[in-house]
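Enquirer:
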Amino acid sequence: MKNFMNWIQNVLMPPLAKAGNNKYLVAVRNGLVMTLPAVISGSVFLIIGNIPIPAWTAFMKPYMSAISVAVNGSFGIISLLSAIGIGYELAKNLDLDAINGAGLSTMAFVIVSFNDKNVLDTANFASSGLFTAIVCAFVSVLILNFFVKRNLVIKLPDGVPTAVNHSFVSLVPGFVILLLFWTVRVPLHFDINVFIQDIFHPLLFAMNSLPGIMFYTLLVSLLWVGGIHGDMTLEGIADPIFLQFLTANATAWSHHQAIPYFTSTGFSSLFVNVGGTGATIMLVFWMLSSKSKTYRELGKVAFPSALFEINEPVIFGFPVVMNPITLIPFVVLPQILVVGTYALMALHLLRPAVTMVPWTMPPIIGPLMATGWDWRAGVWSAVELVIAAAAYYPFFKVAEKQMVEKETLSDAKAN
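Quick note: the sequence shown, position 16, residue 16 per UniProt numbering, numbers continuous.
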């Protein structure tokens with residue numbers, strides 16, 4: 001066990017931690033945050049229009065075309081918003097004017113969204129163009145960075161307003177970006193969006209497979225064990241994929257079609273990370289009635305946040321980090337929940353997530369909302385809590401025994 005913990009700390013953690021702090025991955029992670037208000041708001045309309053009650057469905061039928069405007073106007077511009085957000089964040093990370101980065105990235109993305117008939121294809125603004133938006137943002141901001149850092153820009157006198165000066169700074173790189181993407185898309189007739197989708201198709205397939213999502217979940221767990229925020233570290237890589245899955249699911253659900261993806265946004269955050277990564281809410285539950293005064297007090301502090309999926313107090317307070325006692329349930333339990341959830345969805349006994357809900361939603365409620373009020377999601381979430389309680393109990397009792405002995409020894413010395 002000691003050798004394994006050393007391997008995690010010395011071999012696995014450094015490269016993954018470095019990747020998690022990479023300016024480009026951080027830009028993707030933070031840039032995608034811009035899509036959340038639109039997706040969550042659109043999800044509200046999607047839920048309202050699809051409440052599974054016959055009387056309600058009949059009542060809403062005349063208004064569904066109006067409801068679809070809100071859905072398409074939110075889910076349908078995810079990639080466009082991503083180009084704006086990622087361009088903004090990457091420019092900021094490279095110490096450039098963030099607004100210029102956002103504007104030039106958006107321009108590049110719009111240019112490559114024209115079809116072979118030179119007509120703007122707004123279908124690319126939805127989730128199918130998400131990876132294209134990332135590439136456009138990266139290339140555009142790197143070109144801007146090249147010109148600015150080499151002072152190959154137009155500068156106006158000091159008396160000119162800052163906003164005007166910044167706009168002229170981006171004029172030369174902006175023309176180069178426009179010329180580049182226009183040349184690729186129009187004279188050369190090269191469809192960047194199709195090309196990028198073909199490149200990332202294997203990754204999309206892998207992340208929607210059981211082995212793929214199990215491997216992703218394992219990495220998240222191991223990073224946390226090493227003291228690194230696993231979910232945040234991998235967000236820059238995984239979130240564009242899961243978000244694309246969610247948008248496709250929402251579209252299919254709104255049209256009463258088969259839902260294509262199991263591992264959309266919400267699969268991990270709501271069905272696997274029950275009460276936080278590692279389903280630690282039930283570890284907190286056992287702490288509330290512990291024989292150890294230390295654990296009881298920590299449980300009182302940690303439970304309110306665990307109820308809303310925030311488990312840093314128990315991760316670092318128990319601690320779970322670099323703790324051989326909690327290593328097995330913390331790593332193995334999520335794998336059990338992944339397999340169970342995936343199997344239920346594959347057997348059509350559980351609807352995959354079709355709407356975006358905040359990851360801080362409590363167990364049972366969050367899965368219910370994410371699946372469009374599929375009652376089976378609430379039942380399964382409750383069953384997951386029972387599984388988590390059973391998984392943590394024997395290991396908690398071992399830790400509790402050690403803590404009680406330590407407290408008894410400390411009290412004896414104090415007296």
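The beta-carbon is built from N, C-alpha and C at its ideal position, and this holds for glycine as well.
Just so you know, these numbers come straight off a predicted model, no measurement behind them.
Note down the Cα distance separating residue 216 from residue 233, rounded to an integer number of angstroms.
Expert: Position 216 of the sequence shown holds residue 216. Position 233 of the sequence shown holds residue 233. Cα to Cα, the separation comes out at about 11 angstroms.
Enquirer: Taking all protein chains shown into account, decide if residue 405 is buried (16 or more other Cβ within 10 angstroms of its Cβ) or exposed.
Expert: By 1-based counting over the sequence shown, the position of residue 405 is 405. Exposed: under 16 other Cβ atoms inside 10 Å.
Enquirer: Distance, Cα to Cα, residue 50 vs residue 193?
Expert: If you number the sequence shown from 1, residue 50 lands on position 50. If you number the sequence shown from 1, residue 193 lands on position 193. Approximately 31 angstroms between the Cα atoms of the pair.
Enquirer: Considering only C-alpha positions, which residue in the set 359, 136, 172 is nearest to residue 80?
Expert: If you number the sequence shown from 1, residue 80 lands on position 80. Among 359, 136, 172, the Cα nearest to that of residue 80 belongs to 136.
Enquirer: Express the C-alpha separation of residue 392 and residue 123 in angstroms, rounding to a whole number.
Expert: The residue labelled residue 123 in the question sits at position 123 within the sequence shown. The residue labelled residue 392 in the question sits at position 392 within the sequence shown. Rounded to whole angstroms, residue 123 to residue 392 spans 47 angstroms at the Cα level.
Enquirer: Taking its Cβ as the centre, do 16 or more other Cβ atoms sit within 10 Å of residue 287, making it buried, or is it exposed?
Expert: Looking up residue 287 in the sequence shown gives position 287. Residue 287 should be labelled buried.
Enquirer: To the nearest angstrom, how far is it from the Cα of residue 170 to the Cα of residue 320?
Expert: Position 170 of the sequence shown, counting from 1, holds the residue named residue 170. Position 320 of the sequence shown, counting from 1, holds the residue named residue 320. Taking the straight line joining both Cα atoms gives about 48 angstroms.
Enquirer: Does the segment 87-103 come into contact with the segment 63-74, if we say contact requires no fewer than three beta-carbon pairs (one atom in each stretch) closer than 8 angstroms?
Expert: Taking 8 angstroms as the limit for Cβ pairs, the verdict is that the segment 63-74 does not touch the segment 87-103.
Enquirer: Quick one: grab the DSSP three-state call for residue 416.
Expert: Coverage of the chain is limited to positions 1 through 415, which leaves residue 416 absent and any answer about it impossible.
Enquirer: What did DSSP end up calling residue 308 once you bin it into helix, strand or coil?
Expert: Indexing the sequence shown from 1 puts residue 308 at position 308. DSSP places residue 308 in coil when its eight states are reduced to three.
Enquirer: Reducing DSSP to helix, strand and coil, say where residue 114 ends up.
Expert: As a first step, residue 114 must be located in the sequence shown, where it is residue number 114. Strand.
Enquirer: With a threshold of 8 angstroms, are at least 3 pairs of Cβ atoms found where one atom belongs to the segment 356-374 and the other to the segment 36-45?
Expert: Contact holds: three or more Cβ-Cβ distances are below 8 angstroms.
Enquirer: So what's residue 153 in DSSP terms, helix, strand or just coil?
Expert: One-based indexing of the sequence shown puts residue 153 at position 153. Coil.
Enquirer: Of the choices 165, 218, 269, whose alpha-carbon is the least far from that of residue 329?
Expert: Mapped onto the sequence shown, residue 329 falls at position 329. When only C-alpha atoms are compared, the closest one is 218.
Enquirer: For residue 158 and chain D, any beta-carbon pair shorter than 8 angstroms?
Expert: Among the chains of the structure shown, chain D does not appear; only one protein chain is present.
Enquirer: With respect to the alpha helix (DSSP H) encompassing residue 192, which residues constitute its N-terminal and C-terminal limits?
Expert: Counting from 1 along the sequence shown, the entry for residue 192 is found at position 192. That run of the alpha helix (DSSP H) goes 192-207.
Enquirer: Please confirm if the segment 243-252 is in contact with the segment 332-347, defined as three or more CB-CB distances below 8 angstroms between the two stretches.
Expert: At 8 angstroms Cβ cutoff, the stretches do not touch.
Enquirer: If the criterion is Cβ atoms closer than 8 angstroms, does the pair residue 272 and residue 306 meet it?
Expert: Against the sequence shown, residue 272 aligns to sequence position 272. Against the sequence shown, residue 306 aligns to sequence position 306. Their beta carbons are not under 8 angstroms apart, which means residue 272 does not touch residue 306 by this criterion.
Enquirer: Pick from 117, 339, 297: whose alpha carbon is nearest that of residue 187?
Expert: The residue given as residue 187 occupies position 187 in the sequence shown. Selected option, being the one with the closest Cα: 117.
Enquirer: Can you tell which of 210, 412, 165, 375 has the C-alpha that lies nearest to the C-alpha of residue 261?
Expert: Counting from one through the sequence shown, the residue named residue 261 turns up at place 261. It is 210 whose Cα lies nearest to the Cα of residue 261.
Enquirer: So for residue 282, helix, strand or coil by DSSP?
Expert: Walking along the sequence shown from the start, residue 282 turns up at place 282. In this structure, residue 282 counts as helix in the three-state DSSP scheme.
Enquirer: With three or more beta-carbon pairs closer than 8 angstroms as the criterion, would you say the segment 287-304 touches the segment 334-351?
Expert: Short answer: they don't touch.
Enquirer: Under the three-state reduction of DSSP, which class applies to residue 173: helix, strand or coil?
Expert: Indexing the sequence shown from 1 puts residue 173 at position 173. Residue state, collapsed to three classes: helix.
Enquirer: Would residue 363 and residue 226 qualify as a contact pair, given that the criterion is a beta-carbon distance under 8 angstroms?
Expert: Sequence index remark: in the sequence shown, residue 363 carries index 363 (1-based). Sequence index remark: in the sequence shown, residue 226 carries index 226 (1-based). Cβ atoms of residue 363 and residue 226: not closer than 8 angstroms.
Enquirer: Residues in its own chain within less than 7 angstroms of residue 220 by CB, not counting five upstream and five downstream?
Expert: Sequence index remark: in the sequence shown, residue 220 carries index 220 (1-based). Answer for residue 220: 230, 231, 234, 277, listed in chain order.
Enquirer: Taking residue 23 as part of the alpha helix (DSSP H), name the residues at either end of that continuous run.
Expert: Taking the first residue of the sequence shown as 1, we reach residue 23 at position 23. Here the alpha helix (DSSP H) through residue 23 covers 23-31.
Enquirer: So, helix, strand or coil for residue 317, using DSSP?
Expert: Taking the sequence shown and counting its residues from 1, the one referred to as residue 317 is at position 317. If DSSP states are grouped into helix, strand and coil, residue 317 belongs with the helices.
Enquirer: Which residue's Cα is closest to the Cα of residue 400: 127, 318, 104, 58?
Expert: Start at 1 with the first residue of the sequence shown, and residue 400 comes out as number 400. The option with the nearest alpha carbon to residue 400 is 318.
Enquirer: Evaluate residue 58 with the Cβ neighbour count: other Cβ atoms within 10 Å of its Cβ, from every protein chain shown; 16 or more gives buried, anything less gives exposed.
Expert: Against the sequence shown, residue 58 aligns to sequence position 58. By the 10 Å Cβ count, residue 58 comes out exposed.
Enquirer: Short of 8 angstroms in beta carbon distance, which residues of its chain neighbour residue 130, apart from the five on each side in sequence? Order them along the chain.
Expert: In the sequence shown, counting from the first residue as 1, residue 130 sits at position 130. Answer for residue 130: 78, 79, 82, 240, 243, 244, listed in chain order.
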